[in-house]
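A.B. asks:
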Amino acid sequence: MLVVMESNATDQMVAKVCLVVESMGLVAHPIAGAQRTVVGVTGNKSKIDADKIFAQPGVRDVIHVTPPFRLVSRDYRAEDTVVDVGGVIFGGKECVIIAGPCAVESRDQAMTIAEQVVAAGAKIFRGGAFKPRTSPYSFQGLGEKGLEILDEVRDKFKLLIATEALDTESLDTVASHADIIQIGARNMQNFSLLKKAGRLNKPIILKRGMSATLEEFLMAAEYILAEGNPDVILCERGVRISADHTRNTLDLSAIPYVKRTSHLPIIADPSHGTGRKDHVIPLSRASIAVGADGLLVEVHHDPSNALSDGAQAITPEMFRQLMSQVKAIASVLGRSC
Ligand code: PEP
Ligand code: MN
């Protein structure tokens with residue numbers, strides 16, 4: 039950690055900061071510059087509580103040099119983590135495409151969509167059985183019945199299944215049906231859910247919270263790894279900023295940043311990331327171009343009658359276009375889809 043002093047800080051102020059640092063069992067290294075003094079702090083085994091240092095007179099800024107996350111960081115593990123989900127590999131050469139409706143609405147709906155997305159090249163079928171909805175009056179998902187339909191989709195089309203766990207109560211049930219468990223944006227900091235997911239032997243897609251910083255996002259993943267589950271796939275799904283032309287703003291620059299900072303795979307969700315079907319193909323192309331390890335895309339055969347997220351659902355025909363375009367972009371990068 040670095041303590042940056044004000045340019046007019048006195049020698050006494052610098053000495054007091056050094057004293058406070060040493061009273062915390064740490065070592066202070068004052069470095070006098072032409073404009074100001076900086077105090078380097080070493081000897082910490084974990085993140086230092088900087089508030090006491092910040093409160094000293096003459097302190098302008100406190101800069102953490104080492105990030106607070108450990109297990110998810112590249113410092114801990116230099117090589118990319120590959121997450122193997124029943125033979126489908128995230129974090130390798132292949133960009134994995136996950137596609138399906140926002141919610142499982144019926145057996146027919148799930149089967150119709152699954153048939154089309156598997157034919158177009160999706161490896162994993164998505165569909166919520168337990169849905170986080172803004173309104174308690176909106177369709178909440180079919181619950182366990184939805185999970186049973188997903189089992190049928192797996193058997194019929196030999197697709198892997200990704201579906202969301204909404205809470206700690208339903209996590210084990212969801213885990214017994216899913217090949218990958220999704221933890222949604224609203225639950226990114228549901229720490230009891232993260233801890234419980236960390237004790238499962240099942241890959242997790244962890245979606246970024248809608249206002250989460252990348253540090254908060256990676257700290258949420260750290261919870262899962264810290265409990266012993268290394269198989270986490272991060273998912274950038276858009277954040278809220280003042281722009282209102284889309285539902286959310288897909289933070290494309292998060293992808294190269296996360297890939298440099300962490301060894302975990304990261305995929306993009308251009309459906310929730312934009313909320314608009316006409317933006318899904320362009321943002322899918324862009325996500326692959328910036329290095330995403332895959333996509334999570336909402337597809338519906340009849341978007342205007344979808345029970346959730348119809349405005350952002352692309353049709354199977356659009357999904358075929360998406361696949362051919364992202365394949366071309368992936369190949370430029372020496373990857374496949
Ligand atoms: C979803 O994937 O359908 C979903 C609810 O996503 P998010 O948690 O990103 O809003
Ligand atoms: Mn959705």
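If you count the sequence shown from 1, you need to add 38 to reach the numbering used here. Note that beta-carbon positions come from the ideal geometry of N, C-alpha and C, so glycine has one too. For clarity, every value in this text was computed on a predicted model and none was experimentally measured.
1) Using 8 Å as the threshold, is the C-beta distance between Phe168 and Ile271 below it?
2) Please state whether DSSP places Ala70 in a helix, a strand or coil.
3) For a minimum of 4 consecutive residues, which ranges assigned as the alpha helix (DSSP H) are wholly contained in the segment 210-263?
4) Does Lys161 pass the burial test, meaning 16 or more other C-beta atoms within 10 Å, or should it be called exposed?
5) DSSP has Cys56 in a bridge; who is on the other side?
6) Suppose only complete runs of 3+ residues qualify. What are the beta strand (DSSP E) ranges in the segment 314-367, listed by chain order?
7) Measuring straight from C-alpha to C-alpha, what distance separates Val120 and Pro303?
8) Taking the alpha carbon of Arg278 as the reference point, which residue from Glu260, Glu44, Thr251, Asp269 has its own alpha carbon closest?
9) Would you say His310 touches ligand 1, meaning its beta carbon is less than 7 Å from a heavy atom?
10) With a CB to CB cut of under 8 Å and the five nearest residues on each side skipped, what residues in its chain are close to Ser374?
11) At a threshold of 7 Å, does Ala223 count as lining ligand 1 (C-beta to nearest heavy atom)?
12) Nearest CA to the CA of Gln154: which residue from Asp118, Gly372, Phe195, Leu321?
13) Going by the beta-carbon positions, is the gap between Thr75 and Met43 smaller than 8 Å?
14) Have a look at Ile262, Phe177, Asp89, Met149 and flag the residue whose alpha-carbon is nearest the alpha-carbon of Arg98.
15) Arg275: beta carbon under 7 Å from a heavy atom of ligand 1?
16) Would you report the Cα separation of Ala141 and Asn82, rounded to the nearest angstrom?
17) Measuring CB to CB, does Gly247 end up less than 8 Å from Thr284?
18) Can you look up Ala137 in the DSSP assignment and give me helix, strand or coil?
19) Would you tell me roughly how many angstroms separate the C-alpha atoms of Asp49 and Val103, rounded to the nearest one?
20) Ignore the nearest five residues each way along the sequence and tell me which others in Lys227's own chain have a CB closer than 8 Å to its CB.
21) According to the neighbour-count rule (16 or more other Cβ atoms, all chains shown, within 10 Å of its Cβ), is Phe229 buried or exposed?
22) Would you mind sorting His301 into buried or exposed? The rule is 16 or more other CB atoms within 10 Å of its CB.
23) Measure the CB-CB distance between Gly96 and Ala47 and report whether it falls below 8 Å.
24) Taking the straight line between their C-alpha atoms, what separation do you get for Ala158 and Gln359?
25) Return the bridge partner residues of Thr287 from the DSSP annotation.
26) Whole angstroms is fine: what's the gap from Ser45's alpha carbon to Glu274's?
27) Enumerate in chain order the residues of its own chain whose CB-to-CB distance from Phe177 is below 6 Å, with the five nearest sequence positions on each side excluded.
28) Nearest-angstrom Cα distance between Ala216 and Lys240?
29) Out of Gly236, Ala327, Phe357, Thr201, which one is the CA nearest neighbour of Asp316?
30) Here's a check: name, in chain order, each residue in its chain whose Cβ is nearer than 6 Å to the Cβ of Lys245, leaving out the five neighbours to either side.
31) Which one of Ser322, Ala264, Asn343 has the shortest CA to CA distance from Ile135?
32) Is Ile319 closer than 8 Å to Gln363 when the C-beta atoms are compared?
33) Among His338, Val335, Thr299, which residue has its Cα nearest to the Cα of Arg112?
34) Taking all protein chains shown into account, decide if Ala202 is buried (16 or more other Cβ within 10 angstroms of its Cβ) or exposed.
35) If I follow the unbroken alpha helix (DSSP H) through Asp89, where does it start and stop?
C.D. replies: Well, looking at it:
1) Between Phe168 and Ile271, the CB-CB gap reaches or exceeds 8 Å.
2) strand
3) As for any alpha helix (DSSP H) of minimum length 4 sitting wholly inside the segment 210-263, the runs are 229-236, ordered along the chain.
4) buried
5) Beta-bridge pairing links Cys56 to no other residue.
6) 332-336
7) 7 Å
8) Thr251
9) yes
10) Lys131, Glu132, Cys133, Lys365, Ala368
11) yes
12) Phe195
13) yes
14) Asp89
15) In terms of side-chain proximity, the C-beta atom of Arg275 is found nearer than 7 Å to a non-hydrogen atom of ligand 1.
16) Whole-angstrom Cα-Cα distance: 47 Å.
17) no
18) Per DSSP, reduced to three states, the secondary structure at Ala137 is strand.
19) 24 Å
20) What sits at residue 227 in the sequence shown is Gln, not Lys. Excluding residues within five positions, the ones whose Cβ falls inside 8 Å are Gly247, Ala250, Glu254, Ala258.
21) exposed
22) buried
23) Contact: yes.
24) 9 Å
25) Val277
26) 40 Å
27) Leu345, Ser346
28) 9 Å
29) Taking each of Gly236, Ala327, Phe357, Thr201 in turn and checking the Cα distance to Asp316, the smallest one comes out for Phe357.
30) Gly222, Ala223, Cys273, Arg275
31) Ser322
32) yes
33) Thr299
34) Residue 202 is actually Glu in this sequence, not Ala. Buried, because 16 or more other Cβ atoms sit within 10 Å of the Cβ of Glu202.
35) 89-92
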